[in-house]
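For reference, the structure discussed in these notes is given below.
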Amino acid sequence: MNDIEIAQAVSTILSKFTKATPDEAPATSEAARVDGLDEIVAKALAQHSSVRDASAISQVAKVANASTGAFDTMDEAISAAVLAQVQYRHCSMQDRASFINGIRDVFLQEDVLCALSRMAVEETGMGNYEDKLIKNRVAALKTPGIEDLTTSAVSGDGGLTLIEYSAFGVIGSITPTT
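Residue numbers (my numbering): 7 to 184.
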């Protein structure tokens with residue numbers, strides 16, 4: 007998928023799983039989707055009470071490359087992800103489940119699944135298309151979501167232990183291609 011197709015997939019998920027008003031709806035033209043990306047992100051950050059710091063909002067303009075919808079370096083991508091994670095950590099578990107299900111829904115669409123699998127083979131020159139279809143479908147279906155973020159308590163003579171799993175930040179990685 008190219009940057010425009012990724013932006014469209016993100017817009018589809020956001021429009022389906024968030025409460026956007028009509029004037030906040032994603033732009034319809036491909037150029038408008040990409041050109042207004044930094045403005046959309048800054049507006050979203052400003053609307054959330056957890057990020058009122060103007061310096062954090064202005065960082066978005068420094069990090070995002072609105073002309074391509076991508077980042078020039080891994081460090082810039084991680085910086086943008088850190089800003090997004092600040093917002094994500096304040097989402098309810100129901101919102102998080104909705105986001106994850108939306109991402110799964112998009113990536114399980116046959117045309118998206120086929121395109122990703124084809125591109126993986128073409129870009130890396132490794133593997134074969136049929137196996138990539140299976141691998142990508144299994145990844146979309148079986149990658150854990152919020153179900154791994156369980157809370158448990160153990161009590162005994164020595165006291166009470168509470169175990170609560172949660173997201174802790176951003177991890178930048180390069181996915182293996184084999």
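Every residue gets a Cβ at the ideal spot worked out from N, C-alpha and C, and that includes glycine.
Hey, how far is the Cα of residue i from the Cα of residue j?
i: V92; j: A86; result: 10 Å
i: A121; j: L168; result: 44 Å
i: L166; j: E129; result: 52 Å
i: E116; j: A103; result: 22 Å
i: L139; j: C97; result: 32 Å
i: A83; j: V160; result: 39 Å
i: V40; j: D137; result: Model confidence at V40 stands at a pLDDT of 40, short of 50, so the residue's coordinates are unreliable; what they give is reported in the following sentence. Straight-line Cα distance between these residues: approximately 33 Å.
i: D78; j: D163; result: 55 Å
i: D101; j: M132; result: 37 Å
i: K141; j: D111; result: 16 Å
i: F113; j: D81; result: 26 Å
i: M99; j: A76; result: 28 Å
Is the Cβ-Cβ distance between residue i and residue j less than 8 Å?
i: Y171; j: L147; result: no
i: R143; j: L119; result: yes
Tell me whether residue i is buried or exposed, calling it buried when 16 or more other Cβ atoms sit within 10 Å of its Cβ.
i: A126; result: buried
i: N134; result: exposed
i: R158; result: A quick correction: the sequence has Ser, not Arg, at residue 158. Under this definition S158 is an exposed residue.
i: L89; result: buried
Smallest Cα separation from residue i: which of the options?
i: A145; options: S161, G162, G164, S123; result: S123
Nearer than 7 Å: is that true of the beta carbon of residue i relative to any heavy atom of the ligand ATP?
i: T149; result: As presented, the structure is devoid of all ligands, the ligand ATP included, so that no description of it is given.
Q: Please determine if the region 99 to 108 and the region 132 to 152 are in contact, where contact requires at least 3 C-beta pairs separated by less than 8 Å.
A: Look at the beta carbons and you see the region 99 to 108 touching the region 132 to 152: at least three pairs across the two are nearer than 8 Å.
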